[in-house]
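Each remark here refers to the structure printed beneath this line.
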Amino acid sequence: MIENRVYNFSAGPSILPDEVLLSARENLLNYEGSGMSVMEMSHRSKVYDKIITECIANLRDVMNIPDNYKVLFLQGGATGMFAAIPLNISRTGAADYIVTGNFSNIAYQEAQKYMKDVRLAGTTRDDNFSRIPEQSELTLNPDADYVHICQNNTIFGTTWHRLPDTGNVPLVADLSSCILSEPVDVSKYGIIYAGVQKNMAPAGFAVVIVREDLLAGAQPICPKVWDFQLQAKKNSMLNTPPTWSIYICGEVLKWIKSIGGTPELQKRNQRKAALLYDYLDSQTFYKPSAQKDSRSMMNVTFRTGDDELDKKFVAESMEAGMTNLKGHRLVGGMRASIYNAMPYEGVEYLVGFMKKFAKENA
Ligand SMILES: *Cc1c(COP(=O)(O)O)cnc(C)c1O
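Take 5 as the starting number for the sequence shown in our numbering and just add one per residue.
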């Protein structure tokens, strides 16, 4: 770890690989002999064109994206895409939303502004979103334009370990907090999208991976900047893209390739998550918030059961050199976001602290 840096467990914007930050610093004032910073560069310049083109190519490579999918970089974050999805792929005006947490609920609400028949196809709200529903709990409309899920629920610490069976209806998934954490079979989805600030880059845009047959047909009221077809034609440069954020995303992808791609990240992430969950399961001082078969590999939620103790935990963890372990107010307790860039040692350090805190406060 670089000196004077903390172990940052933030849910987002979140930790980036040291290698990427060091390389960005190295190139900050004069990027590859251009005499200027990437921040100062025209997005129409040759140098920048190479940055965005390579970034997209590396994403295609790392995620093994089939040729019949387009990759778009759009502004407005994942929240913007909650609107952009219904604005682009409404055909009949019917969509199914499965609500497994805060973000999927916001997506569900947002779609209702732009489609006339948005249904709640399943939810685990009664269990405070501590789990993912079974297939048998879903009521899917076979005529829907798409089914929407949030694959990893950042706030609640749950994840879809098995995708819902949607038949011929395209699956649209928000992968903001799990993209690039393990290999995914892109061909199972109509659209994958993700805000980049969790596992890919500094905040600034959303990645949208969209199957070509879903590209055309945006509603007339769809803002130009979110028109999938138009942005695909313009290589996501209809207007000025978030140049710096895309540059760092490219560097993160190079880092991922250099360590062995998503299969290697999956191994590392499984090992990190296992360390934390195995500890949680081995004791009774902390209670895991998510049910076992729905647990997220990226966001680990737990509490002591005593709000004052939780507060004390968070305060003392900061003194110990860790940040952002406070859970979201909708769940309470603690949350450790252990994205790709979090080293194993960071989780080891956290677990060591948890043991000590438990002993002192039991
Ligand atoms: C963070 C997050 C969002 C919101 O992303 P913004 O880019 O801030 O709009 C949406 N969905 C999920 C799953 C998230 O983790």
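Even glycine gets a Cβ: it sits at the ideal position worked out from N, Cα and C.
Problem - CA nearest to the CA of Asn-172, picked from Ser-191, Leu-179, Ala-210, Pro-146 - result: Pro-146
Handout entry: Uninterrupted alpha helix (DSSP H) stretches inside the segment 230-301 (no shorter than 4 residues)
Key = 232-237, 247-263, 265-285
Exercise for the section: My understanding is that Tyr-197 touches Ala-210, with C-beta atoms under 8 Å, so please give their C-beta distance in whole angstroms. Expected result: 6 Å
Problem - beta-carbon Cys-253 near ligand 1 non-hydrogen atom, thresh 7 Å - result: no
Exercise for the section: Sort Glu-30, Ile-159, Val-256, Ala-125 by Cα distance to Arg-299 and report the nearest one. Expected result: Ile-159
Practice task
For Met-346, count neighbouring Cβ atoms within 10 angstroms of its own Cβ and tell me buried if that reaches 16, exposed if not.
Solution key: buried
Exercise for the section: Taking only the alpha-carbon atoms, compute the straight-line gap between Leu-218 and Met-204 and give it to the nearest angstrom. Expected result: 25 Å
Handout entry: Reduced DSSP category for Met-326 - H, G, I as helix; E, B as strand; rest coil
Key = strand
Practice task
From the DSSP output, in three-state form, read off Met-338 for me.
Solution key: strand
Problem - Same chain, Cβ closer than 7 Å to Leu-76, neighbours up to 5 away in sequence not counted - result: Val-212, Val-214, Phe-232, Gln-235, Ala-236, Ser-240
Exercise for the section: Taking only the alpha-carbon atoms, compute the straight-line gap between Gln-116 and Ala-362 and give it to the nearest angstrom. Expected result: 46 Å
Practice task
Note down the Cα distance separating Leu-1 from Glu-23, rounded to an integer number of angstroms.
Solution key: Nothing about residue 1 can be read from this structure; the chain reaches only from 5 to 366.
Exercise for the section: With DSSP collapsed to three states, give me the class of Asn-12. Expected result: strand
Exercise for the section: Would you kindly work out how many angstroms separate the C-alpha atoms of Lys-330 and Leu-144, rounded to a whole number? Expected result: 36 Å
Practice task
Can you have a look at Glu-44 and say buried or exposed, based on whether 16 or more other CB atoms are within 10 angstroms of its CB?
Solution key: exposed
Practice task
Measure how close the beta-carbons of Val-318 and Met-338 come, nearest whole angstrom, since I'm counting them as under 8 Å.
Solution key: 7 Å
Handout entry: Residue from Pro-90, Asp-297, Pro-187 with nearest C-alpha to Ala-148
Key = Pro-90
Practice task
Using the Cα positions of Ile-252 and Ser-191, report the straight-line distance between them to the nearest angstrom.
Solution key: 27 Å
Practice task
Look at the alpha carbon of Asn-92 and the alpha carbon of Glu-364, and state the distance between them as a whole number of angstroms.
Solution key: 55 Å
Handout entry: Nonlocal neighbours in the same chain, by C-beta distance under 6 Å from Asp-2, ignoring five residues either side
Key = Nothing about residue 2 can be reported from this structure: the residues present for the chain run from 5 to 366 only.
Practice task
For Val-200, I'd like the list of residues in its chain whose CB is within less than 8 Å of its CB, leaving aside the five on either flank, ordered along the chain.
Solution key: Pro-206, Ala-207, Gly-208, Phe-209, Ala-210, Val-211, Ser-249, Cys-253
Handout entry: the segment 179-186 in contact with the segment 261-277 per 3-pair CB rule at 8 Å
Key = yes
Handout entry: Neighbourhood of His-47 by C-beta, 7 Å cutoff - its chain only, sequence neighbours within 5 removed
Key = Met-241, Thr-244, Pro-245, Thr-247
Problem - Straight-line Cα distance separating Thr-163 from Gln-113 - result: 21 Å
Handout entry: Among Pro-174, Gly-80, Gly-161, Asp-314, nearest to Val-229 - alpha-carbon criterion
Key = Gly-80
Handout entry: Neighbourhood of Ala-277 by C-beta, 6 Å cutoff - its chain only, sequence neighbours within 5 removed
Key = Met-301
Practice task
Could you check the C-alpha separation between His-165 and Asn-62 for me, to the nearest Å?
Solution key: 26 Å
Problem - Gly-161 versus Pro-168, Gly-105, Lys-120, residue with shortest Cα-Cα distance - result: Gly-105
Problem - C-alpha gap between Thr-170 and Ile-195, whole angstroms - result: 13 Å
Exercise for the section: With DSSP as the reference, label Asn-156 as helix, strand or coil. Expected result: strand
Exercise for the section: Hey, could you find the ends of the alpha helix (DSSP H) Asn-72 is sitting in? Expected result: Where Asn-72 is concerned, there is no enclosing alpha helix (DSSP H), given that its DSSP letter is neither H nor E.
Exercise for the section: Using 10 angstroms around the beta-carbon of Lys-202, count the other beta-carbons present and answer buried if the total reaches 16, otherwise exposed. Expected result: buried
Problem - Spatial distance of Lys-360 from Ala-87 (CA atoms) - result: 46 Å
Practice task
Could you tell me the distance, in whole angstroms, from the CA atom of Asp-1 to the CA atom of Thr-308?
Solution key: Lying before the first or after the last residue shown, residue 1 is absent from the chain, which here runs from 5 to 366.
Handout entry: Beta-carbon proximity check, Ser-341 vs Ser-18, cutoff 8 Å
Key = yes
Practice task
Going by CA-CA distance only, name the one from Arg-135, Gly-336, Arg-29, Lys-238 that's closest to Asn-157.
Solution key: Arg-135
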